[in-house]
Structures are given as structure tokens and as C-alpha cells.
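For reference, the structure discussed in these notes is given below.
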DNA sequence: AACGCTAATGCGAACCAGTCGCAACAGTCA
DNA sequence: TGACTGTTGCGACTGGTTCGCATTAGCGTT
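Residue numbers (the numbering used here), protein chains in the order written: chain V, 967 to 1110; chain G, 967 to 1110.
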């Protein structure tokens, strides 16, 4: 997923466009994120980025994830009882199903639920700024 | 909310029924929770419980909240970027609207959203174990 | 190609919510 | 009242994440 089709030059541009310096470390981190098929946490990003550039420190991973998150380039998800996990923000909006047994994450989207959320907020005199919808699930035994 | 109508004796029973000893500290903590109209975090529960019994330590608050949570007597909610907040579990199931400006929490329920969640999970081969739905909102200016 | 401004980095210390080990303590039931 | 054992307070500790600071290094300029 996520910027996976973009080339490295484009990624650098994405950073620059956000008014950020393109450092070796950031390039490595962004590369890791764009190539990730899963939702890695900070330590995992650090581990993977270290393979590309072993000067990347964990602190920089956190700082970079924070800045990318601010810029809306990546999304941070703090699922129940686990360190935050990250994904690039290029995919259309979606929420998550978390497999409670494996920790695997599946994405889904429901325009209908989104609509109901806005409606409920409105009924209470609010407007939705953001939301969090996570389904903690287990694979169905009876597949039928 | 929450057990607010029960008397202290009933609360003690609730603890005993769960196979737990009724200690002064637990009684104080449970009292705080049953009388809370809001969703206090552990430190706030500790502060309030200390007024009833100043021997209550923060560790015991955490331990008691954990055990009550295990027993399903209270619910723990870890909202975005804030320490976990607690509420008694006597009210019917509901999700939360969090006012991003004030931190205030409003409860709501939507059978329709619940239904859609189960449907989505099923479509992906899962069944919902639990879910988290939080609407981070702002009061509407244009009350129109 | 070296220059300079200042953002970004690595390191380790600090932070914070929450947990744990342990000896002292106190419910509960006989 | 006694004894068994669950609970407690304390302070140490953890794990994820952030911060302070001196050093390094982008990148627009000369």
C-alpha cells in the first residue's frame, strides 16, 4: 500500500513539499513506510530503517513519525494495549479490524457508518473532528 | 450514573459476589465510581477516594480498577492521548463522544452502527469480540 | 566548492501511565 | 480469637515515547 508506486524521487519531493529537509534518515524511514504492507510500530520501523541506514536512531524514528503525522503524510493508530502503529496516508479513509489472536490488521470502510456518526454527533450538538472505530475480532470458526 | 441508586451494602455485595474481599480501600474506590457523574481517570479516582479514606494508595486504585474491570464491574476507556478513564458498567452499552476542546465525554448508542459492525466483520470472516468507537467532536457554532 | 544559517540528529536522561515485589496488614470463615 | 491468605503501601521498575543538548549536515547562497 501507500505511496508504494511512487519512486524515491517523489518521496523526497513529498518531504520537501512539506517544508522538511530530506535527510538520509528520513529517506530511510519514508522508504520503510511506503514499502510496508502491514502496520509496523515505531520499533519495527526503526528495525527496518536501520537495515537501510544504520545511523537511524529510535528518537529520530519517533520524531519523523510525529512530523509526518502532523503533515498528514502518515497516520498513527494506537490500538488497545499496544504501541502505536503507522501507515502511510495515501489510501482512502478506512477503519480497522484487529485480529485479537494474531494482531493482524484488516482495513475496511463504511460510508454508512460514517454517515451515522455525523448524524449522531449533530444530534448531540457536535460536529465530528475525527473518529476512531476499531473492531477487535476473532476469525469465525463456522465459516459458513 | 452507574450504581448510583444502589446503597453501600449492595456495593459491598457486588464485591463479595465477585469473590473479592471488601476492604476499606475498595469500598472507597467503588463509592467514588458509583457516585461519579463523569469519567475520571485513575489519578482522579485516587484523589477522590483519598478524601474518603486517606490510606488508599495509587497502586491499589490501579489494582482495584483492574480487578473490577476484569469482573466487568467497570469499563476502562483509553481515549486518544490521555490516561485511561473509568465508569461503572451498569449502564447499557454505549460509545462515546469526546469534546476535543473540554475533554467532556457524552455517551450515545446506535443499534444500527452495531449491526453494521457485525456485518462488516462477518464479511471479512471475523466475529466481533469487542469494539471501540469514539467520536472526537467540537460543539457546533452554527446551532442553526 | 566552500559558507552559513538553522533544522535535524544521536545520545542518554527524563517522563508518565501503569505494574510489580515484598513485607506488613487485615478480611473472612472456622 | 485464630489462622489462612488475599490485599495493601511503598518504592522500585517497565515500556513507550519525549526532551535537552552539543554536534552534524541539508540546502540556498556566494
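Backbone N, C-alpha and C fix where the C-beta goes; we use that ideal spot for every residue, glycine too. Please read all numbers here as calculations on a predicted model, not as lab measurements.
Strictly under 8 Å for the Cβ-Cβ distance: is residue i near chain G by that measure?
| i | result |
| --- | --- |
| residue 1052 of chain V | no |
| residue 1095 of chain V | yes |
| residue 1100 of chain V | yes |
| residue 1066 of chain V | yes |
| residue 995 of chain V | no |
Consult DSSP for residue i and reduce its assignment to one of helix, strand or coil.
| i | result |
| --- | --- |
| residue 1012 of chain V | helix |
| residue 1050 of chain G | coil |
| residue 1018 of chain G | helix |
| residue 967 of chain G | Unreliable positioning characterises residue 967 of chain G in this predicted model, as indicated by a pLDDT of 42, which lies under 50. The coordinate reading is nonetheless provided below. Note: residue 967 of chain G maps to coil in three-state DSSP. |
| residue 1100 of chain G | strand |
If you follow the beta strand (DSSP E) that residue i is in, where does it begin and where does it stop?
| i | result |
| --- | --- |
| residue 1080 of chain G | Counting along the chain, residue 1080 of chain G falls outside any beta strand (DSSP E), though it belongs to the alpha helix (DSSP H) covering 1077-1089. |
| residue 1040 of chain V | 1040-1043 |
Report the partner residues of residue i according to the DSSP bridge assignment.
| i | result |
| --- | --- |
| residue 1105 of chain G | V:1092 |
| residue 983 of chain G | Its beta-bridge partners do not exist; DSSP assigns none. |
| residue 1074 of chain G | G:1061 |
| residue 1007 of chain G | G:1051 |
Counting along the chain, where does the alpha helix (DSSP H) carrying residue i start and finish?
| i | result |
| --- | --- |
| residue 995 of chain V | 990-1001 |
| residue 1033 of chain V | 1024-1036 |
Please confirm if residue i has its CB atom under 8 Å from at least one CB of chain V.
| i | result |
| --- | --- |
| residue 1069 of chain G | no |
| residue 1090 of chain G | yes |
| residue 981 of chain G | no |
| residue 990 of chain G | no |
| residue 1105 of chain G | yes |
Beta carbons nearer than 9 Å to chain G: which residues of the region 1016-1049 of chain V have them? Answer in chain order: 1044, 1045, 1046 and 1047.
Taking only beta carbons into account, state which residues of the region 1071-1088 of chain G come closer than 8 Å to chain V, listed in chain order. Within the region 1071-1088 of chain G, the qualifying residues are 1072, 1074, 1076, 1078, 1079, 1082, 1083, 1086, 1087 and 1088.
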